[in-house]
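K.L.:
This is the structure, below, for whatever I ask next.
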Amino acid sequence: MSGAAFTLPEGTHTVAMGLGDLNGIMRGKRIPSTHWDHICKSGNALSIALFAIDMTCDVWDTPYVNFDNGYPDMHMFPITQPVPLPWEPGVAFCLARAEGMDHKPVPIDPRNALVSQVERAKGMGFEVNVGTELEFHLLDPETRQPRDQGIQVYSLARAAELEHVLGPIRQQINEAGIPIEQSNPEYAPGQVEVNIRYGGALQAADRVVMFRSLVKQLATVHGYLATFMAKPFIDQSGNGFHTHYSLWREGGNAFSDGGKLSAVGRNFVAGLQKRMAETALCGATTPNAYRRRQPYTFCPINTSWGIDNRTVGIRIIEGNESAVRAEKRDASADCNPYLLIAAELAAGLDGIEQGLEPSEMATGNAYEEADADPIPTDIREAVQQARGSEFMKSVFGDDMFELLVQQAEREIGFFDEQVTQVELDRYIENF
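Laid out in structure tokens, this is it:
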């Protein structure tokens, strides 16, 4: 494909192009505009190890890419129109796709798992719309602590105090092609939420990858450290990643029956419920992420569902025909959006194909809902359930599945092989 298909904005001297790695962290290269036409035709080479590194860029021997095969190359090609970055004159930004040296998709590219499920939905006659909500913290880069104090959720006064950094995040990321609907202070010092307008499932996941990268860049420009880490502070609210699903067919919302959840929507919810426990690792990939999963934290601990109920795992929003949707609430803001949405979509489509029915709806406090199955609140249990999940292997493929689980097992090891400050404070003088 020629560079003409991805014309650079006037005045561009550099293109920042990348793609989402194993954890959905955007990695890539900066390319001189004089080299852009060649990149569009022939791609840009980089190691497949990009898909086989953890969040610290540590690499290990994996089944697909390892020391025996020398960590070979792949190429990346642009798939979104380069857009100018308002805070970096002359620099344009775009997302890429990966292609192996054999000109085929790379089996451990997480994006491919979602591509397959979107195609599957299309074959069933559905267009998938997904809305995303992500929470993150804005911290002092030196102390790694919030600069504000107190819980002022939704406070317009707090919002005004943060506007010097949140305003540019909203406005300039919107200018960069990611439609931002709103922002608000969240339920902890330094914590905010930004909602991205819904779009097609693949587009929604792409936007999350780009959004998180741009937020971190913009925060740095304004003197902050932005983190999507699941639980930065044990005594404060953690960072969630809520996904809103609706399936559309022939121009209508298949989840809506007169503004109420339809039979198709109930099937989808039942599919989500069935796989929620065994796919917990998709939405919570580190030991830290499971610190969010506590009762009375607005993070679910079971597979319950209910209408406009924030204690459940799957919250149903009803209203006008286009608004009816299912919100899945258990994932952490630092997970891979491609793997998360692929697993959730696959589960929901299974529910439709199999005509599954959900459990009895929760109408009260779902943390005490006796009929709801628990979901893992510990990474060891999540890994154990994932290891036994043929469903996850079928959605991700053996190599992608193994990579995800291996990373989690390594994270458990890193946590186990340390002496914590709590242990030192309690034991070193007293024993």
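Numbered according to our numbering, the sequence shown spans residues 35 to 465.
Every residue, glycine too, gets a C-beta built ideally from N, C-alpha and C.
#1: According to the neighbour-count rule (16 or more other Cβ atoms, all chains shown, within 10 Å of its Cβ), is Phe127 buried or exposed?
#2: For Gln388 and Phe425, I'd like the C-alpha separation in whole angstroms.
#3: What do you reckon, are the CB atoms on Asp55 and Ile87 nearer than 8 angstroms?
#4: With DSSP as the reference, label Gly285 as helix, strand or coil.
#5: Give me the Cα-Cα distance between Ser36 and Leu42, rounded to the nearest whole angstrom.
#6: So what's Leu472 in DSSP terms, helix, strand or just coil?
#7: Can you tell me where the beta strand (DSSP E) holding Ala126 begins and where it ends?
#8: Starting from the Cα of Phe170, find the closest Cα among Val164, Pro180, Glu176 and give me that residue.
#9: Which residue wins for smallest C-alpha separation from Met263, given the options Arg300, Arg414, Ile59, Arg421?
#10: In chain order, which beta strand (DSSP E) runs of at least 3 residues are fully inside the stretch 102 to 183?
#11: Over what stretch of residues does the beta strand (DSSP E) that includes Gly347 continue unbroken?
#12: Within the continuous alpha helix (DSSP H) that includes Asp432, where are the two ends?
#13: Helix, strand or coil, according to DSSP, for Ser36 in the structure here?
#14: By the 10 Å Cβ neighbour count, where 16 or more other Cβ atoms means buried, how is Gly305 classified, buried or exposed?
#15: Work out the CA separation of Ala297 and Met395 for me, nearest whole Å.
#16: Using the Cα positions of Ser247 and Gly124, report the straight-line distance between them to the nearest angstrom.
#17: Cβ atoms of Ala130 and Leu252: under 8 angstroms apart, would you say?
#18: Could you say which of Thr261, Asn78, Thr337, Ser189 lies nearest to Glu403 if we only look at CA atoms?
P.N.:
Taking the geometry as given:
#1: Counting Cβ neighbours within 10 Å, Phe127 comes out buried, since at least 16 surround it.
#2: If I take the Cα positions, the gap works out to 14 angstroms.
#3: Contact check for Asp55 against Ile87 passes: the beta carbons are separated by less than 8 angstroms.
#4: Here Gly285 carries a coil assignment [DSSP, helix/strand/coil].
#5: Summary for Ser36: the model assigns pLDDT 43, below 50, so the residue's position carries little reliability, and this model does not support an answer.
#6: Look at the range of the chain in this structure, 35 to 465, and you will see that residue 472 is not part of it.
#7: Ala126 -> beta strand (DSSP E) spans 125 to 134.
#8: Checked all of Val164, Pro180, Glu176; the closest Cα to Phe170 is Pro180.
#9: Closest option to Met263, Cα to Cα, is Ile59.
#10: The qualifying runs are 107 to 112, 125 to 134, 161 to 173.
#11: DSSP places Gly347 in no beta strand (DSSP E); its state is neither H nor E.
#12: 432 to 450 is the span of the alpha helix (DSSP H), which, as asked, contains Asp432.
#13: Summary for Ser36: the model assigns pLDDT 43, below 50, so the residue's position carries little reliability; its value from the coordinates is reported in the next sentence. The answer is coil: DSSP assigns Ser36 none of H, G, I, E or B.
#14: Answer is buried; the Cβ neighbour count reaches 16.
#15: When rounded, the distance between both Cα atoms is 14 angstroms.
#16: Their Cα atoms are separated by approximately 18 angstroms.
#17: No. Outside cutoff.
#18: Closest option to Glu403, Cα to Cα, is Thr337.
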